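A.B. asks: Sending over a structure as structure tokens; questions will come in a sec.
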Amino acid sequence: SSTKDAHDEL
Amino acid sequence: MNIFRLAGDLSHLLAIILLLIKIWKTRSCAGISGKSQILFAIVYVSRYLDLVTTFISVYNTFMKLVFISTSVATIYLMYVKFKATYDHNHDSFRIEFLLVPCFLLALLINNAFTPLEILWTFSIYLEAVAILPQLFLVSKTGEAESITSHYLFALGSYRALYLLNWIYRYYAEGHYDLIAIFAGAIQTILYCDFFYLYITKVLKGKKLQLPA
Numbered sequence: 013s014s015t016k017d018a019h020d021e022l
Numbered sequence: 003m004n005i006f007r008l009a010g011d012l013s014h015l016l017a018i019i020l021l022l023i024k025i026w027k028t029r030s031c032a033g034i035s036g037k038s039q040i041l042f043a044i045v046y047v048s049r050y051l052d053l054v055t056t057f058i059s060v061y062n063t064f065m066k067l068v069f070i071s072t073s074v075a076t077i078y079l080m081y082v083k084f085k086a087t088y089d090h091n092h093d094s095f096r097i098e099f100l101l102v103p104c105f106l107l108a109l110l111i112n113n114a115f116t117p118l119e120i121l122w123t124f125s126i127y128l129e130a131v132a133i134l135p136q137l138f139l140v141s142k143t144g145e146a147e148s149i150t151s152h153y154l155f156a157l158g159s160y161r162a163l164y165l166l167n168w169i170y171r172y173y174a175e176g177h178y179d180l181i182a183i184f185a186g187a188i189q190t191i192l193y194c195d196f197f198y199l200y201i202t203k204v205l206k207g208k209k210l211q212l213p214a
């Protein structure tokens, strides 16, 4: 999951 | 970046350009919901606050700035420059009925309880339903100009293409975000009725007109 990632989508 | 994501972003950009062309060329914002445009501006501003905290890529920063500035420009054209042509009698959707539930849901269901993350989640939920005032306006007037139909088709296609992007990313990178996927699915479903009318009428050269 992307919980810890930055949101790289628009 | 994969082909679905790029196609989605370009479709999104195309939608915004089509809308600006429609307003500029016809010198009129008739048939366009100012309420939906205000909601989209709120979506972009609350989602792209990370412009000042996180750098992802030149592409990412550029597109975010384009989305924020074009949505502000659209609102300016509708509420200032071509105010006289704005159809506010038909644009009667109450946006607080979308804003408040989306914000409450973002407080309850989010990836992290931090201000930026809650605003990001709020923007994702709000985007899913932001088109409702526009669809409500079309259903009230019973018709849409063809360029407005093209705008709506491009705008609806964008999240549908993102759904393909998320399927691809799940298999290729193991990346997924349930909040975005869930909201994106709702968003796409809301356009289905319009997609059907667009394909069966507008693409055959007819005006988008709802049965009386």
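Protein sequence lines, in the order shown, are assigned to chains U and H. Anchor point for the first sequence: position 8 equals 20 in the working numbering, and the numbering is continuous, going up by one each time. Anchor point for the second sequence: position 5 equals 7 in the working numbering, and the numbering is continuous, going up by one each time. For every residue, glycine included, the Cβ atom is placed at its ideal position computed from N, Cα and C. Predicted model only: the values in this text are computed from it and were never measured.
1. Roughly how many whole angstroms lie between the Cα atoms of Leu20 of chain H and Ile111 of chain H?
2. Can you have a look at Trp122 of chain H and say buried or exposed, based on whether 16 or more other CB atoms are within 10 angstroms of its CB?
3. Assign Ala43 of chain H to one of three DSSP states: helix, strand, or coil.
4. Give a yes or no on whether 8 Å exceeds the smallest Cβ distance from Asn62 of chain H to chain U.
5. Whose Cβ in chain U lies nearer than 9 Å to the Cβ of Phe69 of chain H?
6. Any contact between the segment 201 to 214 of chain H and the segment 135 to 154 of chain H? By contact I mean 3 or more CB pairs, one from each, below 8 Å.
7. Interface residues of chain U around Trp122 of chain H at Cβ under 9 Å?
8. Residues in the same chain with beta-carbon distance under 7 Å from Ser13 of chain H, minus the five sequence neighbours each way, listed in chain order, please.
9. Please confirm if the segment 181 to 190 of chain H is in contact with the segment 40 to 51 of chain H, defined as three or more CB-CB distances below 8 Å between the two stretches.
C.D. replies: Answer, in terms of the structure:
1. Each residue's Cα considered, the two are about 34 Å apart.
2. Its Cβ being crowded by 16 or more others within 10 Å, Trp122 of chain H is buried.
3. Correct three-state label for Ala43 of chain H: helix.
4. At least one beta carbon of chain U lies nearer than 8 Å to the beta carbon of Asn62 of chain H.
5. Under the 9 Å cutoff, chain U gives Leu22.
6. Contact holds between the segment 201 to 214 of chain H and the segment 135 to 154 of chain H, because three or more Cβ pairs, one in each stretch, are under 8 Å apart.
7. Within chain U, the residues near Trp122 of chain H are His19.
8. Taking Ser13 of chain H as the centre and dropping the five residues before and after it, the same chain places the C-beta of Ala156, Ser159, Tyr160, Leu163 closer than 7 Å to its C-beta, in chain order.
9. Judged by Cβ distances under 8 Å, the segment 181 to 190 of chain H makes no contact with the segment 40 to 51 of chain H, as fewer than three pairs qualify.
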